[in-house]
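K.L.:
One structure, as structure tokens, below. Some questions next.
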Amino acid sequence: MRLILPLPGHEAFAARLAEAGGWSSVAPEVRRFPDGESYLRLPEEVRGRPVDLVCSLARPDAQFLPLAFAADAARELGASEVTLVAPYLAYLRQDTRFRPGEAVSSRSFARLLSSCVDRVLTVDPHLHRYPALARIYRVPTATLHAAPLLAQWIAGHVAAPLVIGPDEESAQWAGAIAAAAGAPHVVARKQRRGDREVEVALPDLSPWRGRQPVLVDDIASSGRTLIAVARQLQQQGLARPDCVVVHGLFADDALAALQPFVRQIVSTDSVAHPSNRIGLAPLFADALTRDLRDPVETACGEGA
Ligand code: R5P
Numbered sequence: 234m235r236l237i238l239p240l241p242g243h244e245a246f247a248a249r250l251a252e253a254g255g256w257s258s259v260a261p262e263v264r265r266f267p268d269g270e271s272y273l274r275l276p277e278e279v280r281g282r283p284v285d286l287v288c289s290l291a292r293p294d295a296q297f298l299p300l301a302f303a304a305d306a307a308r309e310l311g312a313s314e315v316t317l318v319a320p321y322l323a324y325l326r327q328d329t330r331f332r333p334g335e336a337v338s339s340r341s342f343a344r345l346l347s348s349c350v351d352r353v354l355t356v357d358p359h360l361h362r363y364p365a366l367a368r369i370y371r372v373p374t375a376t377l378h379a380a381p382l383l384a385q386w387i388a389g390h391v392a393a394p395l396v397i398g399p400d401e402e403s404a405q406w407a408g409a410i411a412a413a414a415g416a417p418h419v420v421a422r423k424q425r426r427g428d429r430e431v432e433v434a435l436p437d438l439s440p441w442r443g444r445q446p447v448l449v450d451d452i453a454s455s456g457r458t459l460i461a462v463a464r465q466l467q468q469q470g471l472a473r474p475d476c477v478v479v480h481g482l483f484a485d486d487a488l489a490a491l492q493p494f495v496r497q498i499v500s501t502d503s504v505a506h507p508s509n510r511i512g513l514a515p516l517f518a519d520a521l522t523r524d525l526r527d528p529v530e531t532a533c534g535e536g537a
């Protein structure tokens, strides 16, 4: 019988996952020593059992060490397999050295995680220059997709939607969501000039004025991408958009800055947030039950 072990802050997702799969979820004991180091103790006998560590990596720097300690303890105590269930997998955006001397953190983080666990499950990882996680992860991965769930939510909650992808990279993805939701779609052109400086250009949307715009994106971090598109919609006289995202990171003031421009914000529960409306636990439970693994298409561990 699988054992679901949530790292701190992931107890609710783990409980939903355990319920969806018919497994048990028990939180490890995690606390800080007075000097700030972490103490961790596994709650149950793990020998011979597959152990699933639930840790969505939206705050990866603080989360990594307890995760590594839990994984090592599970392995040392005889777990048959240690899987990381990371609905949000961090450190994928720095996938090249843009300026001399930069750390390619995606590669380093993948190497570190690959040394801790036997397998990684995630949903919609932000892959840009890497064709697949297998390019940088040295352990099997399973890449799940939330697009059908986003489409289902849009179809069920928005009358006459117009799906909008914020950049050319999102064209195929936004198109697939729109098709599944039975809606038209358009794609913006985006230029990022800094962490919080984004410019977008939209085509003429006058033919779609009667429709409800729905911005779809994989990640909302600073929120500036969604804000830039929403401003353009306002200038073209369209309604305030709904935003439907997979990973709602909403860093710092993102939510407060975005709210005035939009009608509603919806996210999956890959990162716990008040905007969570779309549950991913059944998707992960199904992947664990069916032991899904991505095809290994390139030499693992190679950098792009
Ligand atoms: C970029 O390629 C992604 O799809 C998102 O558009 C981006 O990560 C959003 O970031 P932010 O919310 O900081 O604009």
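Numbering of the sequence shown is given in this note's numbering, commencing with residue 234 and proceeding in unit increments. Positions of the beta carbon are idealized from the N, C-alpha and C atoms, including for glycine.
1) Check VAL350 in the structure and name its three-state DSSP category.
2) Name, in chain order, the residues that DSSP records as bridge partners for GLY481.
3) Any heavy atom of ligand 1 inside 7 Å of the beta-carbon of ALA392?
4) Does the beta-carbon distance from SER287 to ILE369 come in below 8 Å?
5) Just the C-alpha distance for LEU491 and ALA461, rounded to the nearest angstrom, thanks.
6) Decide if the region 386 to 394 is in contact with the region 407 to 420; the criterion is three or more beta carbon pairs, one per stretch, under 8 Å apart.
7) What residues in its chain sit with their C-beta under 6 Å from that of ARG510, if we drop five residues either side in the sequence?
8) Just curious, the beta strand (DSSP E) that ARG473 is in, first and last residue?
9) Among residues of its own chain, excluding the 5 on either side of GLN416, which ones have a beta-carbon nearer than 6 Å to its beta-carbon?
10) When the distance is taken between beta carbons, is LEU250 closer than 8 Å to PRO261?
11) VAL318 and SER503 - do their beta-carbons sit closer together than 8 Å?
12) Considering only residues of the same chain and omitting the five flanking positions on each side of VAL478, which have a CB-CB separation below 6 Å?
13) Shortest alpha-carbon distance to LEU488 belongs to which of ARG523, LEU459, GLU277, GLN465?
14) Just verifying my parser: in three-state terms, what is the DSSP assignment at PRO283?
15) I need the boundaries of the alpha helix (DSSP H) containing GLU430, first residue and last residue.
16) By the 10 Å Cβ neighbour count, where 16 or more other Cβ atoms means buried, how is PHE483 classified, buried or exposed?
17) Quick check: the region 509 to 527 against the region 253 to 260, are there 3 or more CB pairs under 8 Å?
18) Starting from GLU244, follow the alpha helix (DSSP H) in both directions and report where the run begins and ends.
19) Just to confirm, are GLN445 and VAL391 a CB contact at a threshold of 8 Å?
20) Hey, would you say the C-beta of GLY456 is under 7 Å away from at least one heavy atom of ligand 1?
21) Can you tell me whether PHE266 is buried or exposed, with buried defined as 16 or more other CB within 10 angstroms of its CB?
22) Which word fits ARG332, buried or exposed, when buried means at least 16 other C-beta atoms lie within 10 angstroms of its C-beta?
23) Could you check the C-alpha separation between GLY269 and ALA248 for me, to the nearest Å?
24) Measure the alpha-carbon distance for PRO436 versus VAL420 and round it to whole angstroms.
25) With respect to 7 Å, is the separation between the Cβ of ASP437 and the closest non-hydrogen atom of ligand 1 below this value?
P.N.:
Judging by the given coordinates:
1) Correct three-state label for VAL350: coil.
2) Answer is ALA453, bridged to GLY481.
3) No, since every heavy atom of ligand 1 falls outside the 7 Å radius drawn around the Cβ of ALA392.
4) The residue you asked about is not Ser; residue 287 is Val in the sequence shown. Not a contact, by the Cβ cut-off of 8 Å.
5) 10 Å
6) yes
7) VAL499
8) No beta strand (DSSP E) holds ARG473; DSSP gives it neither H nor E.
9) Per the sequence presented here, residue 416 reads as Ala, with Gln not at that position. These residues qualify, in order along the chain: PRO394, VAL396.
10) Using a Cβ distance threshold of 8 Å, PRO261 and LEU250 do not count as a contacting pair.
11) no
12) The beta carbon of VAL478 sits closer than 6 Å to those of ASP450, ALA453, SER500, all from its chain and outside the five residues before and after it, given in chain order.
13) LEU459
14) strand
15) No alpha helix (DSSP H) holds GLU430; the beta strand (DSSP E) holding it covers 430 to 434.
16) Note on PHE483: 16 or more other CB atoms within 10 angstroms of its CB, so buried under the neighbour-count rule.
17) Yes: at least three Cβ pairs fall under 8 Å.
18) 244 to 254
19) Their beta carbons are under 8 Å apart, which means GLN445 touches VAL391 by this criterion.
20) yes
21) exposed
22) exposed
23) 28 Å
24) Cα-Cα distance, rounded: 8 Å.
25) no
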